[in-house]
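Novice:
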Amino acid sequence: MRYGYFDDDAKEYVITRPDTPQSWSNYLGSTEYGAIITNHAGGYGFYRSGARGRFLRLNFNSIPRDQPGRYFYLRDAESGDYWSASWQPVGKPLGPGQFQSTCRHGTGYTTIESRYAGIASEATYFVPLGQSFEYWRLRLSNESTRRRRISVFSFCEFTNQWDTFQDRVNLQYSLFIVRGELDDGLLRIAIQDNLPSGWEPSLGDVARHCWLALVGAPLSGYDSSREAFLGPYRSYHNPLAVEAGRCTGSQAYGDNACGSLQADLSLEPGERRELLVLLGIGEARTAGRRTLAEYGSAARAEAELQRLKDVWHGRLGSLWVETPDDALNHTVNVWGPYNCLITFAWSRAASLVYNGERDGLGFRDSVQDILGVTAAIPEEAQVRLELMLTGQLANGGAMPVLRPFEHQPGQEVGPDPSQYRSDDCLWFFNAVPDLVAETGEIAFYEKVLPYADKGQDTVLGHLRRALEFNLARTGAHGLPCGLYADWNDCLRLGYQGESLFVAFQLRLGLGVYAEIASRLGQADEADWALAQREVLDERIQAVAWDGDWFIWAIGEDGTVYGTRQATEGQVYLNTQVWAVISGAATPEQAGRCMHTVHERLATPYGLMLCAPPFVNTAVDVMRAVVFSPGVKENAGIFNHTQGWAVMAECLLGHGDRAYDYYRASMPAAYNDRAEVRESEPYVQGQTTYSAYSPRAGVTRTPWLTGAAAWAYHSATHYILGLRPELDGLRIDPCIPRGWPGFKATRRFRGSTIQIEVKNPDGVCRGVRSLTLNGETLPGNWIPAQGLSVADEVEAVLG
Ligand code: GLC
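FYI, the numbering for the sequence shown is 792 to 1589, going by my numbering.
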């Protein structure tokens, strides 16, 4: 079933059937003022933190799962009939001649167009760049042949406390601290109004304010009490005030506050009207009034929307491709990078699933997220990378979570040693060289940055400590300990148990470090790292190969996981693909283990994390057993890992298989059968249920997942093979044999490079000839110093 289509020129996904399997969401705003909105205008808003700065409420995990939201109710004064400009929450019957609606999710804005009973509406929601308020712009037109009297009611529901847990749980307190009133034409919502104003999400007893204003029509009524507007036995789909045709003028005083402003309009046939609702945080009497004076006009709203689009479209402009696969084009050109930018902004903190329990930047996830945005926003990526480097402790380990607005390098206290994750800082060996390859600024390695707890070092020094951390924590076989967990949160090896995954990460890290050190002229350092790598290689080869695949891990008690004798979790994806990525696998092992992956883990929806699932394994050994078979870490398709398999296959030159894997887990490839995933076909989801479950293909936890960065990275750097390196751009595609080639435009070091890759012989990989502006180059590499501001590259495979 198809619910919509990709409009790449507008950089929008257009939902043409509102009754999507679930509400499909989008993000508005910035890390200062964030908002989630669905195709039904459901969603919530938050200042800095979804956990501690929540000012618009959402009833999580309800049906529908996105209520309430930012609603416009429209009511015909003659008939008394009323509907929503966003279909839900009133939910009129859908179909030709009945309610019709289209939602355009764009870059930082969402527009919902509807048609019902001769009235067309267009509601556009966005947060202007750098601002702490949002616009809801409503355009109405009378498409009928008679004059119509239409009342418009806005609605949103405020939290009583910005700390979302307090708001939802501590009712004996939170129901008694909110007030709402009309103040000089603005709706003023105040929490703890007798106290001095405060902003920081971490502050406790302070006053917090929101405001709401209407522009474009006289205010005919208002409600600030949720209970008065909805009525005691009603809900969002049939508010009493809307049914009655007038707000009650209620003042919230305890209980719950809402934002309803009413406008009564009279529309001649063909007449159009435009209204604006402005909703912001801050004191209505100051911030609200000021904002309204400056931004409260249709012209300003339109200019702000345009500016927002320009900036976002610029961010997405680092790469544009034309391949034979439209779904891949939508993904690489628009939705892949957009997903990465959103994930980069919000880590795992705020979505329709993440309800605030993960606040701040999870260390390992956030370092990986950087990979998805280095080409789009290198400066911001560098700022984030530096922040994460200052989340590293002087012993080389990391703080598991970093709170960006409160983080104080040099003064943080590290976690209890039992809480160290073994993989955290090893992700720097992916993210740091990737950024330096994008910018070409090798001096970054010499930049001095503090550690989280004490002391400071160059970036290279930070990398050295990261290696030392794992080299110093080894188990009985000399391999790195898994500690509290490695990438896999479910792994419980005992603190001294050994993780093969981390061994492979460490191997990669040592090689990367050696390369950087020799580029910086530090030959001793390079020798040290290579010598360590040799020792590690021997240790890996001594225990890790099981005949057709690599084992997972060795528990503290000596149990070996992931062997052919095991009945559960016999084959583990990560150690196969990372053996290849890290170069630890011999060519023979690489071929065989990836063959095993294909035989044992491949499904039409992607690769399972392991197989068979855990059912009888003890929970203190493998926490994945808490999940049903075929779900998440228990033999589910963990989308985070799919890009790694794509990279591994590309490194082996298997373009067809890499592409098959990519397509199996590419959301856009499911656009015509979106009911299979149920989630948005334009964004990644963390988990896809595998064939071990009765719900194979169902995908959950959209947007905020490591799948975003790795899918984008593997497609752009490996399948398309456009790989920045310190000295230039490597052109090393690994594509399906059947592709005649592809075109790409890549922004790189001040140039816009037009690239054409031709594949006359139908191969997967191997550049036969390469030209830069007509001049033949040796190999498959474009030197950065040969670039100007606009360049042309032609690569012929064969
Ligand atoms: C979740 C976590 C991530 C972890 C993964 C596998 O995606 O956010 O940190 O690596 O699960 O357990």
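Just so you know, even glycine gets a beta-carbon here, dropped at the ideal spot from N, CA and C. Small disclaimer: the values here were computed from a predicted structure and weren't measured.
1) According to DSSP, residue 896 sits in a beta bridge with which residue or residues?
2) Taking the alpha-carbon positions, what's the residue 1520 to residue 1382 distance?
3) Just list the residues that DSSP pairs residue 1408 with in beta bridges.
4) Going by CA-CA distance only, name the one from 1081, 948, 928 and 1106 that's closest to residue 837.
5) For the beta strand (DSSP E) containing residue 1445, list its first residue and its last residue.
6) Which residues have a Cβ closer than 7 Å to any heavy atom of the ligand GLC, listed in chain order?
7) So, does the region 1343-1351 touch the region 1316-1327, judging by three or more C-beta pairs under 8 Å?
8) Go ahead and label residue 968 buried or exposed: buried means 16 or more other beta carbons lie within 10 angstroms of its beta carbon, across all protein chains shown.
9) Exposed or buried, which one is residue 975 when buried takes at least 16 other CB atoms within 10 Å?
10) When you compare the CB positions of residue 1394 and residue 1487, do they come within less than 9 Å of one another, or not?
11) Please classify residue 1150: does DSSP put it in a helix, a strand, or coil?
12) My understanding is that residue 1020 touches residue 1009, with C-beta atoms under 8 Å, so please give their C-beta distance in whole angstroms.
13) Let me see if you follow: with CB-CB separation under 9 Å, is residue 1069 close to chain D or not?
14) Do the region 1454-1469 and the region 1486-1501 touch if we need at least three Cβ pairs shorter than 8 Å?
15) Could you tell me if residue 1141 is buried or exposed, where buried requires 16 or more neighbouring beta carbons within 10 angstroms of its beta carbon?
16) Run through the region 1070-1111 for me and flag every whole alpha helix (DSSP H) of 4 or more residues, listed as ranges in chain order.
17) What residue range is occupied by the uninterrupted beta strand (DSSP E) comprising residue 1049?
18) Determine the closest residue to residue 1584 out of 1576, 1548 and 1554, with distance taken between C-alpha atoms.
19) I need the straight-line Cα distance from residue 1517 to residue 1253, nearest angstrom please.
20) Run the CB neighbour count on residue 1546, radius 10 Å, all protein chains shown included, and call it buried at 16 or more, exposed below.
21) Here's the rule I'm using: 16 or more other beta-carbon atoms within 10 Å means buried, otherwise exposed. How should residue 1199 be labelled?
22) Tell whether a beta-carbon distance below 9 Å holds between residue 1166 and residue 1110.
23) Can you say whether residue 1061 is buried or exposed, counting buried as having 16 or more other CB atoms within 10 angstroms of its CB?
24) Where residue 1525 and residue 1113 are concerned, what is the direct C-alpha to C-alpha distance, given to the nearest angstrom?
25) Name, in chain order, the residues that DSSP records as bridge partners for residue 952.
26) Whole angstroms are fine: how far does the CA of residue 1510 sit from the CA of residue 1530?
27) What does residue 942 pair with, by DSSP beta-bridge criteria?
28) Report the three-state DSSP secondary structure of residue 1216 (helix, strand or coil).
29) For residue 1616 and residue 1238, what's the separation of their Cα atoms in angstroms?
30) Go through its chain and collect everything with a Cβ distance to residue 1180's Cβ below 6 Å, but skip five positions before and after it.
31) What's the gap between the Cα of residue 1281 and the Cα of residue 1568?
32) Only counting runs of 3 or more residues, tell me where the beta strand (DSSP E) segments fall wholly within the region 954-1041, in order along the chain.
33) Taking Cβ positions, are residue 1472 and residue 1485 nearer each other than 9 Å?
34) Anyone know if the C-beta pair for residue 872 and residue 833 falls short of 9 Å?
35) Please classify residue 955 as buried or exposed, where buried requires at least 16 neighbouring CB atoms within 10 angstroms.
36) Whether or not the region 975-986 and the region 1059-1078 are in contact is what I'm after, with contact meaning three or more pairs of Cβ atoms, one per stretch, closer than 8 Å; do they touch?
Specialist: So, from the listed chains and residues:
1) 804 and 901
2) 28 Å
3) Answer is none; residue 1408 lacks a bridge partner.
4) 948
5) Unbroken run through residue 1445: none, as it is neither H nor E.
6) 1139, 1153, 1155, 1156, 1278, 1279, 1280, 1281, 1424, 1429, 1431, 1477, 1496 and 1497
7) no
8) buried
9) exposed
10) yes
11) coil
12) So it is not a contact: roughly 19 Å between Cβ atoms.
13) Of the chains in the structure shown, none is chain D; there is only one protein chain.
14) yes
15) buried
16) 1080-1086 and 1089-1106
17) 1048-1058
18) 1548
19) 20 Å
20) buried
21) exposed
22) yes
23) exposed
24) 15 Å
25) Residue 952 pairs with nothing; no bridge assigned.
26) 12 Å
27) 866 and 1055
28) helix
29) There is no way to answer for residue 1616, as the model of the chain reaches only from 792 to 1589.
30) 1240 and 1253
31) 49 Å
32) 969-974, 977-982, 999-1006 and 1012-1016
33) no
34) no
35) buried
36) yes
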